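The structure appears right after this line, and notes come after that.
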Amino acid sequence: MALVKERSVAIHAVLQASQVCQQVFNRLVKGQTITKIADFSAQAVVNSILLEHFPDDRIVGEEDSSDLRGESAKTLRDKVVQLTNTVMSPPLSEDKILASIDRGNYEGGARGRHWALDPIDGTKGFLRGEQFAVCLALIVDGEVQLGVMGCPNLPVKFSEPDGEKGSLFIAVKGQGAFQRAFSAEDETPIHFSKVADVSAATFCESVESGHSSHSEAAQIAERLGITKPPVRMDSQAKYCSISRGDADIYLRLPVSDTYVEKIWDHASGSLLVKEAGGRVSDIHGQPLDFSIGRTLSKNKGVVAANASVYDKAVPTLGNQYEDDIAFKSVLKRLLPADVHAAITPDLHRFGQAVMEEIARLGDQVEAEHPTLVQYDAWCRRVDDLKTSAAWEKLHEIAFKEGLVAIAYEREYGEYSRVYQFAKQYLFSPSSAVVTCPFSMTDGAARVLELMGTPEMKETYYKRLISRDPSVGWTSGQWMTERPGGSDVGQTETEAELIDPMANIWSVRGFKWFSSATTADMAMLLARSKDPTSGLTKPATEMRQPDGSLNGVRVHRLKNKYGTKGLPTAELELQGMKAQLVGELGRGVPNIASILNITRIYCVAGSLTAIRRTLAIAKDYATKRVAFGKTLRDQPLHLTTLMEVELNFRAILQLMFYAISLLGKIECNQADKHTALVLRFLTPMAKSWSCKVAVSCIQECMEALGGQGYMEDVGIARHLRDATVNAIWEGTTNVLALDVLRVLKETKNSVLNIFEQEHVSRITTVPSELRQASDNVQSGFKVVENHLKSIKSADLLEAGARELTFSLARLVSGTLLIEQAAWSLKNMGGVIGGVIGLAALGALGWLFYKRRKASKDPIGSPDYSYSDPVVMEDLQPGSDSGYGHVDKAGLGVSSAVAGGAFAASQGA
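Note that the sequence shown covers residues 1 to 907 in UniProt numbering.
In structure tokens form, the structure reads like this:
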């Protein structure tokens, strides 16, 4: 068993400290001073014992010795020394006792190993001779691994309140929870109560209303139908009480917006709850984060309960792979059975990890934004960019998980890209936008694979695709300059060839926006000093072999609306050494491989932000009661969530379709048209998806009312971060013009290829989908006729955005129909159709009708659809994630409803 010695020492230390506290209470005159004496003495005892056995361990303790020093504190100090030595053998000197108390001054954090100690939790309970606790926890890399709590006044048996008192509680991560009496060494396993009916549950809350809002707890109890009076007690003894089944729910509701919980108040108790089979989080359903320091600054309040009761009290997110029915179905359709079976265990594991360590690290990044130190103490220019330790840890995880490497290892051939992006899909919403540097790393790897010299592949490419964090590099992308962003023709940065034999160029200029500035290398655009050569694409290392910056001066970090944890800066390049990638003057065409990849990452970022915020909103709808009904039982609220769900499923299909095309191209499995189809698809998918995502996330925020607007719920962060996806790698209008460019370059033939590709997917479908299929085909004809009818280039450009969105919706429609047909055939007939067919209501806004007042045939979406079958199908909170409907008729009913509505909206 792990932590055997630590467990034994912690038990001994807590028992000795509890004995000291009891002696203080029994031997001294009651008053506030005895609490100080007990606090100091207990901390001295525990810290001294830990020092003896683990001299290198650090301690986060509640007390320090400042109040015991000086002549005026002699009386108090003497009592602390006397009482401490009643349990210490040999006795400790005064200096050692004071030094031992001060060992509790560690600030905590995400790395390494330290203990968290509350020498007396429950001061007023201690003074009244009621409940208090001595609490000790071991935290390793921000995770609680061991917790021991001594409760001197807690009855050993809840059913015998006047019986033996003095209860000790022990938990080691992964080993269960146990209780023993102070007077005996025999340990008994403890477990949460099995109550499943939340109305039969009992609250456990603080005695003092100043510690937790009693009025709010009463309101919650009323909404949940709980009628039993609450069990009130002081201290972390509440954790012990619910863990052994005395009560069912512990609520600690914040009484002010400014109060921040301390880690020593909750570390040992939270682990005890988990090991006893319960669930614990803050009031927003977020895990308690012990990696920030001495406080739980990322959390508000505490909720702990058994799993069934907890799920009915707090919005929760489970395993992000297992909970995502639509995502799992898409993977099952796209992947061969052997590939799907091979990667599923990894996705299951990772789906849990992103909600635990990775989510915690992402929150830490958001709390610790990057900073720039430009000068050292001697006024030397250093440009030292500092980031959170969590930012570095997330990079380490991304390398180890192969979030770039999987695509280039190609263990599963063309399906390796689907596998890679399946993991990116899970990682992205918890990652604090670490996906940004890895998207550019992915793009740079592809360019070097295609165009790099053998030396570049050995020096750069191998590092970009490594799984080893000590070897792996990330790459930045420096395109944007002061004259403009997407209009790269205005690039002012110059590159001059200074060593033709070694392909070394000197680059000078100013990059207005560089992401990510902490990258090890970068791809950039520069204008060759030879004016006839056009734009080139150099690759550069950020630092020289001696660690100094490679001709780079960091002027300032950008103050952005979102993506706060991502370091982005203005860079001045002064003779930066670089190497040319590809042909001279082919800089813009050479970046196409990067853009195809990074634009898909933008779609992924938008999609996963919708997925995460929608999951919160759907779960909240099962718990929030308004006007006498849960939100999930209110048709208007459900319709709103349905619209978001349909957008989510449409974008999900678009993204994985693009990814599957990319995989085919990279593995030479594509036909002659695949590259052109991907070139046409990428800008339309990126522009539409990223634009739609912002409104979807805002709807999810609004679905939680005022709570959704609160920063610590997390939706606000997703809204800010997702907004950039409509700007990065080409704004909506720039991408719409790119779609027109492809049409012009191919004389519209790309549309014919595109139409044939998608119509062929839905030509033969079950009868339930026939009308929907006909409408998609009609939609393509509408677009085709529209392009033929517009003779003015200005008019065509003016309508480019709607044209692009229309094409994206049409493609989504074909993919949704294809998914529905596959589900009906492969996943249990009509019952299996739920996954593909639940989204067929989307066809109401995927197809178009002529605007009567305009010649423009590209209509706007119509959101009048409210078919009750599909609404029920998307209802949150069911076992399947989508509803409590009659499954025997679900698939056909949804198909008919979706198809019929699509027919009414056809061109």
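Where a beta carbon is used, it is the ideal one built from N, C-alpha and C, also for glycine. Nothing here was measured: the structure is a model prediction, and the numbers come from that model.
Between the C-alpha atoms of R467 and D442 there is a straight-line separation of about 13 angstroms. In this model, A820 and G663 are separated by some 23 angstroms (Cα to Cα).
A direct Cα-Cα distance of roughly 22 angstroms separates V354 from G708.
According to DSSP, I343 shares a beta bridge with no other residue. Under DSSP, N105 forms a beta bridge with V60. Residue pairing by DSSP places N306 opposite G278 in a beta bridge.
H786 is classed as buried because its beta carbon has at least 16 other beta carbons within 10 Å across all chains shown. Separation of D186 and R180 (C-alpha to C-alpha, rounded to the nearest whole angstrom) is 6 angstroms. In chain order, H395, E396, F399 and K400 place their CB closer than 8 angstroms to the CB of P469, counting only its own chain and leaving out the 5 sequence neighbours on each side. As computed with DSSP, F182 is found in no beta bridge at all. Here DSSP, grouped into helix, strand and coil, assigns V552 to strand. Classified as exposed, A502 has fewer than 16 neighbouring CB atoms from the shown chains inside 10 Å of its CB.
Bridge pairing for Y375: R381 [DSSP].
Across the set T86, S268 and S65, the C-alpha of S65 shows the shortest separation from the C-alpha of R77. Pairing S760 with S695, the inter-Cα distance amounts to about 32 angstroms. Here H114 is buried. Its C-beta has 16 or more other C-beta atoms within 10 Å. Looking from the CA of I665, the closest CA among A675, Y657 and F656 belongs to A675.
With a threshold of 16 other beta carbon atoms within 10 Å, I498 falls short and is exposed.
Between the segment 791 to 807 and the segment 671 to 688 there are three or more inter-stretch CB-CB distances shorter than 8 angstroms, so the stretches are counted as touching. By the criterion of at least three beta-carbon pairs nearer than 8 angstroms, the segment 50 to 62 is in contact with the segment 99 to 117. P429 and G605 have their C-alpha atoms some 7 angstroms from each other. Separation of I697 and H718 (C-alpha to C-alpha, rounded to the nearest whole angstrom) is 7 angstroms. Boundaries of the beta strand (DSSP E) around L136: A133 to V140. Comparing C-alpha distances from H673 to each of D712, V750, C667 and A736 shows the shortest one belongs to V750.
If you look at V156, you'll find it isn't in any beta strand (DSSP E); DSSP assigns it neither H nor E. When Cβ pairs closer than 8 angstroms are counted between the two stretches, the segment 791 to 804 is seen not to touch the segment 631 to 643, the count staying below three.
M576: member of the beta strand (DSSP E) spanning A569 to L580, first to last residue.
C-alpha of R333 to C-alpha of S660: approximately 12 angstroms in a straight line. Distance from the CA atom of F513 to the CA atom of I762, rounded to whole angstroms, is 44 angstroms.
For the set R252, L331, A341 and P345, the Cα lying nearest the Cα of V303 is the one of R252. Here the alpha carbons of G476 and A716 stand approximately 27 angstroms from one another. By the CB criterion at 7 angstroms, L448 and Y460 fall inside the cutoff. A direct Cα-Cα distance of roughly 8 angstroms separates T474 from M440. Of the candidates E411, A44 and G351, the residue whose Cα lies closest to the Cα of V339 is E411. The beta-bridge partner set that DSSP reports for T86 is empty. Scanning its chain for C-beta atoms nearer than 8 angstroms, with the 5 sequence neighbours on each side dropped, one finds around V330 the residues L652, Q653, F656 and Q819, in chain order.
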